[in-house]
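See structure below.
Residue numbers (my numbering): 10 to 482.
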């Protein structure tokens, strides 16, 4: 056994890659999984019609091609089904381990493919215990896993395996079955435990600190979400949500950001022709939908008919432009907040929706209309207002009218008066929309109260490279 089989916390195992955000078992899903912090990729393995091993869960593609009857090249061309060799090469390039779920392939051939490529971190699993027995008989040294279906006795089903993989996601409370006695018995037998694919944040909170080998998830960012270092309790704003993972200003982008542990999602609010508050950045719908019109010229029903996802990736086809109320509901479900940029909307209408959602204390506001911001503050003193340092010649003017709660500094601003700004009692936020590691390092060294970053996943990795613990320790 190797050190990675005894982690100090469960490995994040991306179930078919980051399959919440890309079609499962594709190279995009696997690469995205690493971006989201997965240590392992779970890959389903079958044998194509020409004997080449490929990554695919079902026996046939969505278009009806039978994997076992179709050559690998045809599967790749028609359905973007990658070969196992391509998955291995990508895993080695990204430093990821592979967790094989052998569906219809020779288990020993899978092990040989891993070994020939020099893949160190790999686990060979299957539902059929015969696969584990075949691997043992062949003297394969990679650890083996038996996937345990609901209703089977885990210790009988996985008796010959190194790892008990519990497929209990359809139970109401599977975590209740993981008693100290269960965990102790597995440990006494020298067996590790891997858990089902879990996407529920409440259940995940009960699982991530257990003494187990790994947790599968379609959302690998949920396994170990960002927690600010104790030495720098920074708060985080995801610009237009997790916009490198899902289409900007949509519910999937917001959910991904919140699952990843980020505090706020920044979004842009505009008004439809019939007065509804919708979330979209541009004045027109052209860039992020298939439509061609100004937002203000379309009623809500027409806006909701537009496809706000396909421009980003076919996986998100049919995603809608969300209403502000939906984004507020999403934030409330995740116990997170929203940074509302008012692009073209009545400030009082925006405030009312925030108040009705009981989210006033979890939101802050900015917009080009400073009279509108003043009106929000006058109507509800609890409302938190942001101002931008670049909009004022003098620091004191940032506070004169609005008593701003947050002062935003752009990466190109002069940061020399930040200490003076703190004396006003405001929180300091640095906004950076690029990915230059040197600017990331400058932000990290400055230690603002809040960061507003376009790609927080890359920023998190940069924090870790600087020696900061992003797991709250």
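All residues carry an ideal CB built from backbone N, CA and C; glycine is no exception.
Exercise. Does the beta-carbon distance from residue 435 to residue 416 come in below 8 Å?
Worked result: Counted from its first residue, the chain shown places residue 435 at position 426. Counted from its first residue, the chain shown places residue 416 at position 407. Closer than 8 Å, so yes.
Exercise. Can the beta-carbon of residue 3 be found closer than 8 Å to that of residue 207?
Worked result: One cannot answer for residue 3 here, as it falls past the ends of the chain, which runs 10 to 482.
Exercise. Which residues bound the beta strand (DSSP E) around residue 136?
Worked result: In the chain shown, counting from the first residue as 1, residue 136 sits at position 127. Element bounds for residue 136: n/a, residue is neither H nor E.
For this session: Report all residues from its chain with a CB closer than 6 Å to the CB of residue 135; omit the five preceding and five following residues, and keep chain order.
Result: Taking the chain shown and counting its residues from 1, the one referred to as residue 135 is at position 126. Hits under 6 Å: 111.
For this session: Within its chain, find whatever has a CB closer than 8 Å to the CB of residue 359; leave out the 5 residues flanking it on each side and keep chain order.
Result: Numbered from its first residue, the chain shown carries residue 359 at position 350. Same-chain partners within the cutoff: 278, 286, 333, 349, 351, 374 and 385.
For this session: Could you work out which residue in 409, 354 and 268 is closest to residue 304 when comparing CA atoms only?
Result: Here the question's residue 304 lines up with position 295 in the chain shown. With distances taken between Cα atoms, residue 304 lies closest to 354.
Problem set entry | 8 Å Cβ cutoff met for residue 288 and residue 276 | Your numbering for residue 288 matches position 279 in the chain shown. Your numbering for residue 276 matches position 267 in the chain shown. Against a cut-off of 8 Å, the Cβ pair of residue 276 and residue 288 comes out as a contact.
Exercise. Would you call residue 455 buried or exposed, if buried means 16 or more other Cβ atoms sit within 10 Å of its Cβ?
Worked result: Mapped onto the chain shown, residue 455 falls at position 446. Exposed, since its Cβ has fewer than 16 Cβ neighbours within 10 Å.
Problem set entry | CA nearest to the CA of residue 414, picked from 421, 425 and 391 | Translated into the one-based positions of the chain shown, residue 414 becomes position 405. For residue 414, the nearest C-alpha among the options comes from 391.
Exercise. Assuming residue 172 and residue 19 make a contact with CB atoms under 8 Å, what is their CB distance in whole Å?
Worked result: Start at 1 with the first residue of the chain shown, and residue 172 comes out as number 163. Start at 1 with the first residue of the chain shown, and residue 19 comes out as number 10. Not a contact, Cβ separation roughly 12 Å.
For this session: Would you mind giving the Cβ-Cβ distance between residue 459 and residue 246, rounded to the nearest angstrom? I have them listed as a contact below 8 Å.
Result: Within the chain shown, residue 459 is the residue found at index 450, counting from 1. Within the chain shown, residue 246 is the residue found at index 237, counting from 1. About 6 Å; that satisfies the 8 Å criterion.
Exercise. Whose C-alpha, out of 313, 344, 51 and 340, is nearest the C-alpha of residue 328?
Worked result: Start at 1 with the first residue of the chain shown, and residue 328 comes out as number 319. Of the candidates 313, 344, 51 and 340, the one whose C-alpha sits nearest the C-alpha of residue 328 is 313.
Problem set entry | Enclosing beta strand (DSSP E) for residue 64 [first to last residue] | By 1-based counting over the chain shown, the position of residue 64 is 55. Looking at the DSSP string, the run of the beta strand (DSSP E) that includes residue 64 is 62–64.
Exercise. Using DSSP with H/G/I as helix, E/B as strand and the rest coil, what is residue 262?
Worked result: Within the chain shown, numbered from 1, the residue matching residue 262 stands at position 253. Note: residue 262 maps to helix in three-state DSSP.
For this session: Please say whether residue 346 and residue 423 have beta carbons closer to each other than 8 Å?
Result: The residue you call residue 423 lines up with position 414 of the chain shown. The residue you call residue 346 lines up with position 337 of the chain shown. The answer is no: Cβ separation not under 8 Å.
Exercise. Three-state secondary structure (DSSP) at residue 49?
Worked result: Position 40 of the chain shown, counted from the start, is the residue given in the question as residue 49. The answer is strand: DSSP assigns residue 49 an E or B state.
Exercise. Ends of the alpha helix (DSSP H) at residue 381?
Worked result: Your numbering for residue 381 matches position 372 in the chain shown. Element bounds for residue 381: 379–388.
Exercise. Across which residues does DSSP place residue 480 in a beta bridge pair?
Worked result: The sequence position of residue 480 within the chain shown is 471, counting from 1. According to DSSP, which records beta bridges pairwise, residue 480 is partnered with 236.
For this session: Provide the residue(s) that pair with residue 2 in DSSP beta bridges, ordered along the chain.
Result: Not covered by the structure: residue 2. The range shown for the chain is 10 to 482.
Exercise. Which residues does DSSP pair with residue 440 in a beta bridge?
Worked result: As a working mapping, residue 440 is identified with position 431 in the chain shown. For residue 440, which the question treats as bridged, DSSP gives the partners 419 and 461.
For this session: Could you please give the first and the last residue of the uninterrupted alpha helix (DSSP H) stretch that includes residue 336?
Result: The residue you call residue 336 lines up with position 327 of the chain shown. First-last of the alpha helix (DSSP H) with residue 336: 333–342.
Problem set entry | Which listed residue (58, 203, 383 and 25) has its alpha carbon closest to that of residue 114 | Counting from 1 along the chain shown, the entry for residue 114 is found at position 105. Answer by Cα proximity: 58.
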